[in-house]
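Chains as they are written, first to last, in this note's numbering: chain A, -16 to 177; chain B, 48 to 293; chain C, 679 to 1143.
First the structure, in the form of C-alpha cells, and then the observations on it.
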Amino acid sequence: MNNRDQILKAVANGKPAPKPLSLPDWSSIAPPPDLLVSFEQFVQAVGGEVLFLDNTEALQQLISTEKASGGFIINRAGEGGVVDEVPDSPRLLESVKIAYIRGSIGVAENGAIWVDESAMGNRILPFICEQLVLVLRENELVADMHEAYRRVQINREGFGVFIAGPSKTADIEQSLVIGAHGPKGLTVVLLPAL
Amino acid sequence: MLTVGLFVPCYIDQFFPQVAIASLQLLEKLGCRVVVPTNQTCCGQPMANSGFAALAAGCDKNFIRNFAGLDFIVSPSGSCVLHVKEHLSDQHAPTEAARIRNQVYELTEFLTDILKVQALTASFPYKVGWHNSCHGQRGLHLSSMSELVAPDFSKPARLLQMVDGLELILPQRVDECCGFGGTFSVYEEAVSVKMGRDRIREHEANEVDCISGVDMSCLMHLQGILNRQGSRVRILHIAEILNARS
Amino acid sequence: MSAPIYPGKGADSSHARLAAIFNQDENRTNWHDQTLWWVRQKRDNAARQLPEWEQLRQWASDIKDHTLSNLDAYLVEFEKNALANGIKVHWATDAAAHNSILHEIIRTNGITRIVKSKSMLTEECHLNEYLLQQGIEVVDTDLGERIVQLRKEPPSHIVLPAIHLKKQEVSDTFHEYLGTEKGNNDPQYLTQAARIHLREKFMAADLAITGVNFAVAETGGFVVCTNEGNADMGAHAARIHVACMGIEKIIPKAEHLGLFTRLLARSATGQPVTTYTSHFHRPRAGRELHIIIVDNGRSRQLGREDFRNSLKCIRCAACFNTCPVYRRSGGHSYHTAVAGPIGSILNPNLDMKAHADLPFASTLCGSCTNVCPVKINIHEQLWKWRQVIAAEGLMEPSKKIGMRFMSRVLARPAIYRFAGSAARFIMRWFPFLLKNKSLNPWYKQRELPQAPKESFRDWYKKQRS
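Pasting the structure below:
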C-alpha cells in the first residue's frame, strides 16, 4: 500500500464516530460600534498609519511627487494614476522604495487588509518593498474576520493575503522591531466612499 | 438540620488537626450535624496523580465504606474533593460511588451553595493574602479564573468578606499555581520550590500577616518555604479564619 | 535521523534534571518567567476585548472535533481540490518518508539553496539534520529560528524560538556569524543585520519550505501566518515552494478561517491578527507548489480515545506562556521539538519511553486547558498519560514500589493510623532522620510541617466519645 492509502486507512480506523458540524451563527457577534474608528485604531495598533485623502487626485499627486523624488516607486492602484508593470524577478524588486497597492477590504477589528494577487502584479511586491501603501475606500470596511471571509473568495486567485501593519518581530527578548524581512512601514490610504 | 460527613484528608488528620477541628466547629456553628467517620484514611489522590490510579482501589473502597449513605460529604480540601468527584470508583458499588461523587463538597463551596451563608460571627483583624488553589479554583470553580473571559466571583473571598476586621489582599498573579502538585513537589523539587518562592514574594511585598487558601497541601508547601526563609508570614487554612472567635 | 542535542542532555535527561539545571541561575529564571508572563498578559488583554471569546473557543473546538471525526474524507477532498489547483500533493506516513520526499524534490531539481520558514513539523521530523547529513544546508529564516540555528540549538518555544536567549547572547552569536559590532545588543540593530543577511538568502533561494497553519478542504489551498513576512519572502522568491503539513491541519471550509485567525494571534502573542495571513492556492506560472501531508503518529493518536483531541492543536503556544512550570524550566528541559504542556501530551504518542517524564512535568494546575483556543483538555490528558505510562511500566521502579506501599497503608485504616502516629513520632523526636537534604528533596529548600502530638482522629475520640 502506498503512503497515501496507508494514512487514509489508519485515519479511517482511528477516527471517532461522526460528529455533526453545525455552522456557527456568526451574526450573533456584535460589530465594533464605528467601523472607521475601529479600523484606524487597529491599523495604528499593528504599527501602521492611516492617511485620509479627499480624492484620487490627491493620491495621484502624492505618487507623482514620490516618483519625482527619484526613488523606485511602483504604483498598482488604479486610483493612483498609471498602473505600473511589475518585473518578474525578485532581484529587480529589491530596491523598491514604495509600492502602492489596491486592497479590496479592510477589517475593522484588527486593521487587516485583503490584497489579491492581481492587485500586486507580483506576489512578492507587498513583501519586498521598503514601504507599503495600501489603498482602500471607506465603504470597503467590514466588521470582523467572519465578515471578511464572507466577502473574500480566498481561491479566486492563486494567492491572496491579509496584511496588518508592517513586517515585525519580537524574537529578541520580546522587543518589538518594525521591519523584519518585509516593509518597514505601512500606510493605509483611505479614500472617501464611492 | 443537615447531616454532614466530614471528610478529613489524611495529611490534615495527621499534620494539621486544627484545620479539621475548625471545619467541624464551623459547620456545627452553622447548624449542621457533623458525622466524622473514624475509619477514613485517604482519597487515593497521591497514587492516582502519580499514574497509579489502579492502586487507589483500596482507598476508594474504604472511602465508600466510610461515607456511604451520607447526604453531604464536606472537606476542607479542594484538591481531595476534586479527586473524589472525578475519580472515585468501585466496580462493586458503582451507584454509591456515583452518588458520593455528586455529593462531595469543598467546605467554602458547601457554605456558599448549600448552606447559603450570609453572615458569620468571626473576627480576624489581619491582612490576609489569598492563595487560589488550582484544584479548588479551576477544578471545582470556587472562583472565576484569570484565563477565561467571564464575570468575576469568588466563593471563598465572599465568605472572608463576612469576617470582622479582615483585609483581603490578592496577589497580582491572582491564580498562579504555588508549585506543590503532590509528588511534583519532590520529583520536580527545583521548579516546585521556585514556584512557591515566587508566590510568597508577591504576598510578602503586599505585607500580609498570613497567607490563606482552601487547600492545606498548597499551604503546607508555602509554609515549608516560609519557615526555611525565617519569614514572619503565617499560614492559615480558611476554615481557621472563618472559625476565628470574635 | 539524529535528534538535536539539548543542553545538559546526558545519562539523565529528564525534565526534572534539566529544569533543576535551568533553575541554578535564578535571575535568569525570573527573567524567563516574567518575559513569558508578559506574553500571557497580552493574550488576556486581547481575549478580553472580545465578549464572544469563550463562544469562539467552543466553536473552534466543535469544528476541530467534527473535522477529526471525518478526517479521511476531508483529506481526500483537500487532495482533490489541491490537485485541481495545480499543487503537487505528497503523502508521508512518517518523518523518514517526509524527509526523503523533500530530499527527492531537492535532488531531481538540482537545488542547492534552500530557505525555510517556521514549521514545527519539520522540527519534529528533524529535517535540517537529515538534509545536512546529505550535504544540503537549509537556512531557517524566522529570526528566532535563525538565531538558534546559528547557535546549533533547537528552538525552545514554538512561537518564540529564541525566547530563552538574552540579547547579549544574540549579539555575540551575530558578531561571530554575521560580523555585527561586538557588544551592540540593540534589538533594532541586530534585527536589521539579520534582515540584510537573510535578504540575500531569500534572493538566492531555489526552494522555499514553509509550514501550514490551516489547510482548507473546500478550496484545496492553505494558509501560512507570520509576522516577519519570511514565509512569503521565501515562497514568492524561490522557484519551488514546498509546504509541509500534519494531517490535522485540515479545516473544512474557508469561512472557518475567520474563527481560527481570530483565535490564533490573540492566543499566541495578543495581536489582533498576524501581520501576514497568506492564502496559497495555485503556483505562479512557471513555478511549482508542493504539499507534503504527514502522518507521523497522528493517526495513532487519533485512535487513542483519551488523547485524540490533542490533534485539535493550532500551535499558538498559549499553554506554554501560561504554564508556571514551562516558564520556570525553559523549553529545552522538555527535550523535544514541541515543548510545554501540549508537547507533554503529544510526544508520549511519538515515543512513550523517551518522553515518559513529560506528563509528570506539571502540577496539573489546569491553566493550559483554560487558555487553549480549541479547548483541548490538556491537564486531564497529562493525568491520563501518567496512567498509561505507569501501566506500561515506564516509570522508575522505586516510584512504583513507593506507591504500592503507600496504597497498602492507606487502604487499611488501622495500619494508616499506626503509620501516621509513627511518622508524627519520628518527626517530633527524631527529625534528623527526615532532615536530610540529599535524601529528602522536600527538605532541601523547605521545612517539614510541625508534627502535632495527636491526630485529628485522636482529638475527636477524646472530645466526642
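Beta carbons: idealized from backbone N, C-alpha and C, even for Gly.
Every value quoted in this text rests on a predicted model; they were computed, and no experiment measured them.
By a C-beta neighbour count over all protein chains shown, 10 Å radius and 16 as the cutoff for buried, is residue i buried or exposed?
| i | result |
| --- | --- |
| Met1105 (chain C) | buried |
| Pro198 (chain B) | exposed |
| Gln1141 (chain C) | exposed |
| Asn1048 (chain C) | buried |
| Asp740 (chain C) | buried |
| Pro93 (chain B) | buried |
| Phe1096 (chain C) | exposed |
| Ile107 (chain A) | buried |
| Val65 (chain A) | exposed |
| Met(-16) (chain A) | exposed |
| Arg138 (chain A) | Correcting the residue type first, residue 138 (chain A) is Asn in the shown sequence and not Arg. Per the 10 Å Cβ criterion, buried. |
| Thr786 (chain C) | exposed |
Which residue's Cα is closest to the Cα of residue i: the options?
| i | options | result |
| --- | --- | --- |
| Leu1028 (chain C) | C:Thr745, C:Leu856 and C:Gln979 | C:Gln979 |
| Gln276 (chain B) | C:Arg1124, C:Gln712 and C:Gly907 | C:Arg1124 |
| Ala291 (chain B) | B:Leu213, B:Pro218, B:Ala252 and B:Ser122 | B:Leu213 |
| Leu207 (chain B) | B:Glu223, B:Met242 and B:Val261 | B:Val261 |
| Trp656 (chain C) | C:Gln1128, C:Tyr1094 and C:Thr745 | Lying outside 679 to 1143, the shown extent of chain C, residue 656 (chain C) is not represented and no answer is given. |
| Glu847 (chain C) | C:Arg785, C:Asn863 and C:Ser795 | C:Asn863 |
| His776 (chain C) | C:Thr800, C:His842 and C:Val1016 | C:Thr800 |
| Trp716 (chain C) | C:Leu1112, C:Leu989 and C:Ala946 | C:Ala946 |
| Ala1101 (chain C) | B:Ser278, B:Arg279, B:Thr159 and B:Gln61 | B:Gln61 |
| Ser97 (chain B) | C:Gly1071, C:Phe1110, C:Asn1118 and C:Leu1126 | C:Gly1071 |
| Ser170 (chain B) | B:Ser201, B:Pro141, B:Glu133 and B:Met209 | B:Met209 |
| Leu159 (chain A) | C:Gln870, C:Lys860, C:Asp850 and C:Leu761 | C:Gln870 |
| Arg829 (chain C) | C:Ile814, C:Asp850 and C:Leu809 | C:Asp850 |
Note down the Cα distance separating residue i from residue j, rounded to an integer number of angstroms.
| i | j | result |
| --- | --- | --- |
| Ala147 (chain A) | Lys1115 (chain C) | 55 Å |
| His130 (chain B) | Glu156 (chain B) | 15 Å |
| Gln827 (chain C) | Ser1133 (chain C) | 58 Å |
| Gly78 (chain B) | Leu49 (chain B) | 8 Å |
| Asp884 (chain C) | Phe958 (chain C) | 18 Å |
| Ser680 (chain C) | Leu856 (chain C) | In this prediction, Ser680 (chain C) scores a pLDDT of 40, lower than 50, which makes its location untrustworthy; no coordinate-derived value is stated. |
| Pro149 (chain A) | Leu124 (chain A) | 19 Å |
| Gly686 (chain C) | Cys1001 (chain C) | Since pLDDT at Gly686 (chain C) reaches only 45, below the 50 mark, its modelled position is unreliable, and the value read off the structure follows with that caveat. Whole-angstrom Cα-Cα distance: 22 Å. |
| Pro14 (chain A) | Cys994 (chain C) | 25 Å |
| Pro682 (chain C) | Val754 (chain C) | With a pLDDT of 46 at Pro682 (chain C), under the threshold of 50, the predicted position of this residue should be treated as unreliable, and no value is reported. |
| Val20 (chain A) | Val951 (chain C) | 18 Å |
| Gln27 (chain A) | Asn905 (chain C) | 16 Å |
| Cys57 (chain B) | Thr88 (chain B) | 5 Å |
| Lys1062 (chain C) | Arg(-13) (chain A) | 31 Å |
| Glu704 (chain C) | Ala204 (chain B) | 33 Å |
| Ala968 (chain C) | Ala0 (chain A) | Inspection of the sequence shows that residue 968 (chain C) is occupied by His rather than by Ala. Each residue's Cα considered, the two are about 32 Å apart. |
| Leu942 (chain C) | Leu167 (chain B) | 46 Å |
| Cys90 (chain B) | His134 (chain B) | 9 Å |
| Asp750 (chain C) | Lys(-8) (chain A) | 8 Å |
| Phe63 (chain B) | Leu73 (chain B) | 16 Å |
| Ala153 (chain A) | Val175 (chain B) | 39 Å |
| Asp1035 (chain C) | Tyr234 (chain B) | 10 Å |
What first and last residue would you give for the alpha helix (DSSP H) that runs through residue i?
| i | result |
| --- | --- |
| Arg80 (chain B) | Note, Arg80 (chain B): premise wrong, no alpha helix (DSSP H); beta strand (DSSP E) at Arg80 to Val82. |
| Asp722 (chain C) | Glu704 to Arg726 |
| Lys1139 (chain C) | Phe1134 to Arg1142 |
For the beta strand (DSSP E) that contains residue i, what are its first and last residues?
| i | result |
| --- | --- |
| Asp99 (chain A) | Ile96 to Asp99 |
| Lys174 (chain B) | Lys174 to Trp177 |
| Tyr1012 (chain C) | Note, Tyr1012 (chain C): premise wrong, no beta strand (DSSP E); not H, not E. |
| Phe227 (chain B) | Unbroken run through Phe227 (chain B): none, as it is neither H nor E. |
Chain A contacts made by the stretch 764 to 788 of chain C, where a contact means CB separation under 7 Å: Trp769, Ala770, Thr771 and Ala775
Short-range partners of chain B found in the stretch 721 to 732 of chain C, where Cβ spacing is below 8 Å: Asp722, Ala725, Arg726, Leu728, Pro729, Trp731 and Glu732
Chain C contacts made by the stretch 54 to 78 of chain B, where a contact means CB separation under 9 Å: Val55, Cys57, Tyr58, Ile59, Asp60, Gln61, Phe62, Phe63, Pro64, Gln65, Val66, Ala67, Ile68 and Leu71
Short-range partners of chain C found in the stretch 197 to 219 of chain B, where Cβ spacing is below 8 Å: Ala197
Near-chain A residues of the stretch 954 to 971 of chain C (beta-carbon distance less than 8 Å), N- to C-terminal order: Tyr954, Thr955, Ser956, His957, Phe958, His959, Arg960, Pro961, Arg962 and Ile971
Where the stretch 108 to 120 of chain B meets chain C: residues whose CB sits under 8 Å from a CB there: Lys108 and Asn109
Interfacial residues, the stretch 139 to 156 of chain A to chain C, with Cβ spacing under 8 Å: Glu140, Gly141, Phe142, Gly143, Val144, Phe145, Ile146, Ala147, Gly148, Pro149, Ser150, Lys151, Thr152, Ala153, Asp154, Ile155 and Glu156
Chain C contacts from the stretch 250 to 269 of chain B (Cβ-Cβ distance under 8 Å): Met267 and His268
Proximal residues, the stretch 809 to 838 of chain C versus chain A, C-beta separation under 8 Å: Thr819, Asp820, Leu821, Gly822, Ile825 and Leu838
Where the stretch 134 to 162 of chain B meets chain C: residues whose CB sits under 7 Å from a CB there: Within the stretch 134 to 162 of chain B, no residue has a Cβ that lies closer than 7 Å to any Cβ of chain C.
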